[in-house]
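Protein chains: 2
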Amino acid sequence: MTVTIQEVIDRIGKTAAERPNPTVDGLRFGGPDTIVRGIAVSFMPTVSAIERAIAMGANLLIAHEGVYYSHQERAEGLRPNGVYERKRRLIEESGIAIYRCHDDVHRCVPDGITWGLIEALGWEERVRENRPAASLLTIPAMTVGEAASYVKERLGLPFVRVVGDRSMSCERVGILVGYRGGGATVIPLLESDEAELIIAGEGPEWEAPEYVRDAASLGRRKALIVIGHAESEAPGMALLCRRLQEAFPGLSVRFLADKPVFDLI
Amino acid sequence: MTVTIQEVIDRIGKTAAERPNPTVDGLRFGGPDTIVRGIAVSFMPTVSAIERAIAMGANLLIAHEGVYYSHQERAEGLRPNGVYERKRRLIEESGIAIYRCHDDVHRCVPDGITWGLIEALGWEERVRENRPAASLLTIPAMTVGEAASYVKERLGLPFVRVVGDRSMSCERVGILVGYRGGGATVIPLLESDEAELIIAGEGPEWEAPEYVRDAASLGRRKALIVIGHAESEAPGMALLCRRLQEAFPGLSVRFLADKPVFDLI
């Protein structure tokens, strides 16, 4: 039985409760009628992920973020023989198709990216409520330091960044993936006491982190663990990969992990 | 000789080449006609900085960022007896005035915040060109790892985050403070080879960091050191403090450093 790229895209689309319009999702390279020989899934369509996808014989890469380092995929300061052009050449010469799957997987109920992170943390049974931009959990009481070490170990991360008193005990946790770590999404959850601890991907440093710092100075029990954008969303793409393995058992469907983008010095 | 808060504000305004309209700068608490007893300057008007300013007898705090964790200082999810209200009460009960000085200090030529960082790095003589959003330098050739260690040591930081090959030698450096570490500002400098190494405050993780990661995979010599938003801008506010000390020699004018907002685990 053969499967086309369009059939894979349609299968992903069926999982979304609502398809946003306009959407950033779409086929960036390749054609919808191509027969799929193998699928690779990654958080970011990095040069490394593309090369590994080609090497394993996949002709479709499904990635959460864009090819060109911007949500709307504008090409900034494009130069002949620069990074953009070399990347485009790598993709076109290999013939690999790239499908961006961002909005659909976020519009699953619960959000497929958030749920992937919750599964990776082993906290599926701890969820109180799934909202569009955040999930609220009640975890076994532990200190912020213990929670940070737990998250770091479960996700295999070299480090996480923490704001607040690490000896503070916490149970009510809010999880916000990707760029949802900004003040407008994080602060109301803390200010209302719906969460004592937020685990987030990334967000502006002068917003939620400074709120939490002030809260701690004022004796309010609040803390924040920032794990990184890719680190918070890659587990959701790994979950999408497992769902596609179930949907297309005859196809090779593999998740490609990337190393953390940042080294510490 | 007495000095009013308005006279201090006017003195700061005289340094800006152009005053943006609208501006986020302005007196948030206190009145312009109050006689200044002492000035404290900080990057962020944290609860800790406000308490230290009060303790040292200052009645004017000049800070770069807003009181309420958002560039436009919207209050998110305000609750009675929450962090916002307790902070407001602390400020009003003490009677301290708070002046936000963001746009004026960025509109100095060269940008006062960028120049403060360049001075803190001891690289004033290395500047090739000051642009509004970036300064371009040619530094003595060193590896990315050496540059990261140098920056970390000069600024007294516990860590910096690095993308790219740390053994890569570099001379052409772009410096972008605060939130200027996004793709739209960073990538053109790298793509055009005006800079091999960018030292930035913060920016979205899927933009400049992923560009640099791909560039390294494609054999292009690019690197990025992310030092943190406050870490990149506090030296500029310390420079403003020194300028105010010169302008008002009869007044106590002191810079209040805050610890880094993030701990590593």
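Keeping their order, the protein sequence lines are chains A and B.
Quick note: the first sequence uses our numbering, first residue 433, plus one each step.
Quick note: the second sequence uses our numbering, first residue 433, plus one each step.
C-beta: ideal position from N, C-alpha, C; glycine also.
In this text the structure is predicted, and so the values were computed from the model without any measurement.
If you compare alpha carbons, which of the options is closest to residue i?
{"i": "A565 (chain A)", "options": "A:A552, A:V609, A:P590, A:I441", "result": "A:V609"}
{"i": "A580 (chain A)", "options": "A:L676, A:L656, A:T570, A:L650", "result": "A:L656"}
{"i": "D442 (chain A)", "options": "A:M433, A:P454, A:F461, A:D465", "result": "A:D465"}
{"i": "V456 (chain A)", "options": "A:A448, A:L493, A:H503, A:L676", "result": "A:H503"}
{"i": "A573 (chain B)", "options": "B:W555, B:P620, B:S601", "result": "B:S601"}
{"i": "L549 (chain B)", "options": "B:K446, B:K584, B:D597, B:I523", "result": "B:K584"}
{"i": "S649 (chain B)", "options": "A:P542, A:E450, A:K519, A:G462", "result": "A:K519"}
{"i": "M433 (chain B)", "options": "B:V618, B:I545, B:C673, B:G682", "result": "B:G682"}
{"i": "G588 (chain A)", "options": "A:S664, A:S474, A:N491, A:S684", "result": "A:S664"}
{"i": "A552 (chain A)", "options": "A:R674, A:H496, A:P452, A:A679", "result": "A:R674"}
{"i": "E637 (chain A)", "options": "B:E525, B:P692, B:V479, B:L629", "result": "B:P692"}
{"i": "Y501 (chain A)", "options": "A:A670, A:A662, A:E561", "result": "A:A662"}
{"i": "E557 (chain A)", "options": "A:T570, A:G615, A:R563", "result": "A:T570"}
{"i": "H534 (chain A)", "options": "A:G514, A:A495, A:G614, A:L688", "result": "A:A495"}
{"i": "F461 (chain B)", "options": "B:I523, B:N562, B:F680", "result": "B:I523"}
{"i": "T546 (chain A)", "options": "A:A670, A:F680, A:L688", "result": "A:A670"}
{"i": "S599 (chain A)", "options": "A:N562, A:E578, A:T617", "result": "A:E578"}
{"i": "A647 (chain B)", "options": "A:V499, A:I444, A:S567", "result": "A:V499"}
{"i": "L688 (chain A)", "options": "A:R451, A:E483, A:V440", "result": "A:E483"}
{"i": "A490 (chain A)", "options": "A:S526, A:G463, A:R521", "result": "A:S526"}
Taking the Cβ atom as the reference point for each residue, do residue i and residue j lie within a distance shorter than 8 Å?
{"i": "A481 (chain B)", "j": "D690 (chain B)", "result": "yes"}
{"i": "E626 (chain A)", "j": "G651 (chain A)", "result": "no"}
{"i": "I528 (chain B)", "j": "A485 (chain B)", "result": "yes"}
{"i": "E576 (chain B)", "j": "V594 (chain B)", "result": "Note that residue 576 (chain B) corresponds to Val in the displayed sequence, not to Glu. It is a contact, given that the beta carbons lie within the stated cut-off."}
{"i": "R645 (chain A)", "j": "M488 (chain A)", "result": "no"}
{"i": "R604 (chain B)", "j": "G633 (chain B)", "result": "no"}
{"i": "V537 (chain A)", "j": "L672 (chain A)", "result": "yes"}
{"i": "A666 (chain A)", "j": "R539 (chain A)", "result": "no"}
{"i": "V479 (chain A)", "j": "F680 (chain A)", "result": "no"}
{"i": "I630 (chain B)", "j": "L622 (chain B)", "result": "yes"}
{"i": "V440 (chain B)", "j": "L492 (chain B)", "result": "yes"}
Should residue i go down as buried or exposed, given a rule of 16 or more other Cβ atoms within 10 Å for buried?
{"i": "P512 (chain B)", "result": "exposed"}
{"i": "G660 (chain B)", "result": "buried"}
{"i": "G554 (chain B)", "result": "exposed"}
{"i": "V541 (chain A)", "result": "exposed"}
{"i": "S474 (chain B)", "result": "buried"}
{"i": "I467 (chain A)", "result": "exposed"}
{"i": "G705 (chain B)", "result": "Within the shown structure, residues of chain B are numbered from 433 to 697, placing residue 705 (chain B) beyond reach of any answer."}
{"i": "K446 (chain B)", "result": "exposed"}
{"i": "G514 (chain B)", "result": "buried"}
{"i": "G544 (chain A)", "result": "buried"}
{"i": "R639 (chain A)", "result": "Reading off the sequence shown, one finds Glu at residue 639 (chain A), where the question assumed Arg. Answer is buried; the Cβ neighbour count reaches 16."}
{"i": "P454 (chain A)", "result": "exposed"}
On the premise that residue j lies in contact with residue i, defined as a C-beta separation below 8 Å, what is that separation, rounded to the nearest angstrom?
{"i": "Y531 (chain A)", "j": "L459 (chain A)", "result": "5 Å"}
{"i": "F694 (chain A)", "j": "P641 (chain B)", "result": "7 Å"}
{"i": "K654 (chain B)", "j": "E628 (chain B)", "result": "6 Å"}
{"i": "S684 (chain B)", "j": "G470 (chain B)", "result": "4 Å"}
{"i": "G615 (chain A)", "j": "Y643 (chain A)", "result": "6 Å"}
{"i": "G635 (chain A)", "j": "V618 (chain A)", "result": "7 Å"}
{"i": "E497 (chain A)", "j": "M476 (chain A)", "result": "5 Å"}
Given 7 Å as the limit, tell me if residue i has its C-beta closer than that to any heavy atom belonging to the ligand ADP.
{"i": "M488 (chain A)", "result": "For the ligand ADP, the structure offers nothing, since it holds no ligand at all."}
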